[in-house]
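Have a look at the structure below before the remarks.
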Amino acid sequence: MQAAFQRGRTNYPTNPHIRNTMFTGIVQGTGKIIRIAQPAADFRTHTVLLPEHMAHDLHIGASVAHNGCCLTITQIRDREADFDLMAETLAKTNLGRLTEGSEVNLERAARFGDEIGGHVMSGHIITQTPVTRIEQSEHNRTLWFALPAELKPYVLTKGFIGLDGCSLTIGSVTEREFNVHLIPETLQRTLFGSRQVGDCVNVEIDAQTQAIVDTVERVLAQR
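The numbers in the sequence shown follow the UniProt record's numbering, run straight up by one, and end at 223.
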């Protein structure tokens, strides 16, 4: 899904801040972490400098996805917004690896009537997976990722997947890897232009794929 530059399995634990919020996987910009307050090992607050076009009409309690993870604004001052990260968020996502100066893919919560340019996403990160190899040509870039065993049923060729908040179409799938193909616009507008081998990205599987696969497995198991 080449438009995806813009903008879980239910037994996985998720961020306690997550509400019934919807995203589209169309990354709207990147923000820079300008401050990190960490009063405890299992809790921290990130202050993010938002892009100017994303900072209007925001308020405390609004949801913004960071690398695909739904977080809630706790304080806002012009373009600076604070977000609390609980222990589960730090453990399940790549946000706990970030330092001051790091950038994140950002998307504000979708509103009723918005165009769904990517696919419906919840902001519930299931796991992280590393970039295993990169294939580069003049106009395209293909990133390969490790395929976690527990996600194999849901990662299908030409299916949807959310990676660091981007709605992307899966290219090829092998026993241990899968890839996505990225056009220059995607590379320019998201963090995928700077991702390197070994970098870990957040993963959200497509909810419809999950529902179908789990239902089929349950029906077959009952026969």
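For each residue, glycine too, the CB sits at the ideal point set by N, CA and C.
Which class does histidine 46 belong to by DSSP, given the choice of helix, strand or coil?
Residue state, collapsed to three classes: strand.
Just checking, does the segment 40-54 make contact with the segment 120-138 on the three C-beta pairs under 8 Å criterion?
The segment 40-54 is not in contact with the segment 120-138.
Hey, how far is the Cα of alanine 221 from the Cα of valine 120?
29 Å
Answer with buried or exposed for alanine 110, where buried requires no fewer than 16 other C-beta atoms within 10 angstroms of its C-beta.
buried
Here's the rule: buried if 16 or more other CB atoms are within 10 angstroms of the residue's CB, otherwise exposed. What is glutamine 28?
Within 10 angstroms of the beta-carbon of glutamine 28 lie 16 or more other beta-carbons, which makes it buried.
Going by DSSP, what residue range makes up the alpha helix (DSSP H) through glutamine 188?
184-189
For arginine 79, which three-state DSSP category applies?
coil
According to DSSP, which residues form a beta bridge with threonine 129?
Val201
Taking the alpha carbon of leucine 58 as the point to measure from, which residue in Cys69, Arg35, Gly68 and Asp82 has its own alpha carbon closest?
Asp82
Suppose the cutoff is 6 Å on Cβ atoms and the five residues either side in sequence are ignored; what does the same chain contact list for lysine 32 look like?
Leu49 and Glu103.
Quick check: the segment 159-169 against the segment 60-78, are at least 3 beta-carbon pairs closer than 8 Å?
yes
Local conformation of alanine 207 per DSSP, three classes
helix
Hey, how far is the Cα of glycine 159 from the Cα of glutamate 185?
21 Å
So lysine 32 is in the alpha helix (DSSP H); what residue range does that whole segment cover?
Run containing lysine 32: none in the alpha helix (DSSP H); it sits in the beta strand (DSSP E), 29-40.
Nearest-angstrom Cα separation, counted from isoleucine 73 out to arginine 35:
15 Å
What is the DSSP secondary structure of methionine 22, reduced to helix, strand or coil?
coil
So, is histidine 206 buried or exposed, given that buried needs 16 or more other C-beta atoms within 10 angstroms?
For the record, residue 206 in the displayed sequence is aspartate; it is not histidine. Buried.
What are the boundary residues of the alpha helix (DSSP H) that includes leucine 90?
87-92
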